[in-house]
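Residue numbers (my numbering): 3 to 470. Every residue, glycine too, gets a C-beta built ideally from N, C-alpha and C.
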């Protein structure tokens with residue numbers, strides 16, 4: 003074995019150099035939408051002073067943070083779990099936090115949140131919480147994340163949409179009207195079926211072939227019909243228009259690096275700032291734990307207890323992602339569930355992460371070219387990967403209702419509330435209560451009870467924040 007093989011344990015994990023490179027490329031393609039979506043979310047809201055973040059600057063730092071942290075995670079943890087700006091936290095910052103803080107102060111809270119998570123990982127407390135989770139819930143988290151990924155794919159593709167009415171809340175096609183009426187969604191269906199067939203036939207590189215083919219078809223369609231963006235006219239592409247206008251190269255503007263402030267405590271008070279940090283830590287902590295649990299099982303790297311190689315290192319580096327995300331104003335960086343696309347393509351080592359990270363860094367200079375893959379095409383890969391992860395439910399014995407209810411709630415709440423942390427929290431609380439009521443109190447770790455109570459506070463944070 004050569005030094006690269008020995009360092010990343012490529013042969014030991016029954017992989018090859020080509021497979022790792024291909025897996026890293028697929029993960030990047032599945033995640034590339036964050037280069038466009040993150041700046042849309044963060045630059046769309048004005049802070050307490052009326053200031054907004056610059057779209058191009060956020061896009062550049064999003065690529066920078068994702069590239070650096072993904073490579074670092076690959077080199078330290080040596081696992082194929084890519085990192086980028088977490089969608090839950092960036093939305094929380096844009097819709098809630100900056101209503102009372104400046105963007106610099108909001109990012110300062112993200113930095114503090116990251117430092118706390120790193121401290122919890124270094125002291126071993128984060129590992130203790132991980133080990134306290136019963137195997138049934140770990141499997142449920144994996145399946146729940148799979149269903150969440152699948153649901154994200156369907157929504158991103160416009161296959162499932164909000165109806166805008168209380169019942170039913172969602173429906174088929176645009177506006178939930180029950181009809182597939184846009185060409186981009188048809189492209190999604192084509193890419194999904196093609197990718198599904200290739201995976202079912204066990205074609206090597208099936209997911210990558212599906213993504214590339216779908217993108218080529220989308221580019222041709224856009225060149226003929228000029229659908230444009232859905233923001234500009236109905237029936238267009240949701241985020242990235244598969245067309246290149248102007249030069250494919252651009253110089254990144256990294257002015258936002260280091261633009262964070264710790265002045266939030268004096269602006270809104272210590273208690274209010276602590277409550278916001280508590281929310282960030284809980285969301286960051288358990289989103290990442292759940293995602294890594296699911297991905298490690300999907301990659302076949304988890305043991306019978308659900309733990310995986312270099313767990314402590316993975317938890318420390320993931321926490322550092324929040325620090326880097328806040329320091330670059332790109333929001334907290336965390337493990338991305340879309341890494342499952344690369345894992346299904348065969349990625350098993352940190353080398354795939356290095357490939358993904360290098361592509362993110364390159365995207366700072368070729369942002370126009372990187373965004374050519376439409377969301378509808380990337381969504382097809384998410385649906386395929388989600389279906390694979392949901393299959394882990396077959397390993398859970400649901401004959402006892404005190405097990406079945408927490409498992410089903412964990413799986414269902416993730417996609418329905420659009421939050422991994424919410425699903426984990428509901429699962430923890432219901433598991434502790436149901437197993438204790440069923441006379442299985444000894445199976446419930448005291449630490450799990452503590453976390454369950456913490457989640458109860460987390461779910462009640464809105465009235466608590468109003469009191470503070």
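{"Query": "Within 8 angstroms, strictly: CB atoms of residue 104 and residue 47", "Result": "no"}
{"Query": "Three-state secondary structure (DSSP) of residue 245", "Result": "coil"}
{"Query": "Chain-order list of residues whose beta-carbon lies under 7 angstroms from that of residue 278 (same chain, five-residue window excluded)", "Result": "99, 111"}
{"Query": "Residue 306, buried or exposed, once every other Cβ within 10 Å from all chains shown has been counted against 16", "Result": "exposed"}
{"Query": "Rounded separation between residue 404 and residue 142 - CA only", "Result": "14 angstroms"}
{"Query": "Expected contact under 8 angstroms - CB spacing of residue 18 and residue 37 to nearest Å", "Result": "About 29 angstroms; that fails the 8 angstroms criterion."}
{"Query": "Rounded distance between the beta-carbons of residue 406 and residue 431, thought under 8 angstroms", "Result": "That belief does not hold up - the Cβ atoms of residue 431 and residue 406 are roughly 16 angstroms apart, past 8 angstroms."}
{"Query": "Burial state of residue 71 (16 or more Cβ within 10 Å)", "Result": "buried"}
{"Query": "Of the listed residues 460, 270, 354, nearest to residue 69 (C-alpha basis)", "Result": "354"}
{"Query": "Beta-carbon contacts of residue 210 that lie in its chain and below 8 angstroms, excluding the five residues immediately before and after", "Result": "24, 27, 28, 31, 347"}
{"Query": "Three-pair Cβ contact test at 8 angstroms for the segment 235-254 versus the segment 408-418", "Result": "no"}
{"Query": "Beta-carbon proximity of residue 402 to residue 136, cut-off 8 angstroms", "Result": "no"}
{"Query": "Backbone secondary structure at residue 215 - three-state DSSP", "Result": "helix"}
{"Query": "Whole-angstrom distance between residue 199 and residue 291, CA atom to CA atom", "Result": "32 angstroms"}
{"Query": "Under the three-state DSSP convention, the category residue 164 falls into", "Result": "strand"}
{"Query": "Test item: CB-CB of residue 193 and residue 382 under 8 angstroms", "Result": "yes"}
{"Query": "Residue 155 to residue 424 span [Cα, whole Å]", "Result": "19 angstroms"}
{"Query": "Exposure label - residue 22; buried when at least 16 CB within 10 Å", "Result": "buried"}
{"Query": "Enclosing alpha helix (DSSP H) for residue 456 [first to last residue]", "Result": "448-461"}
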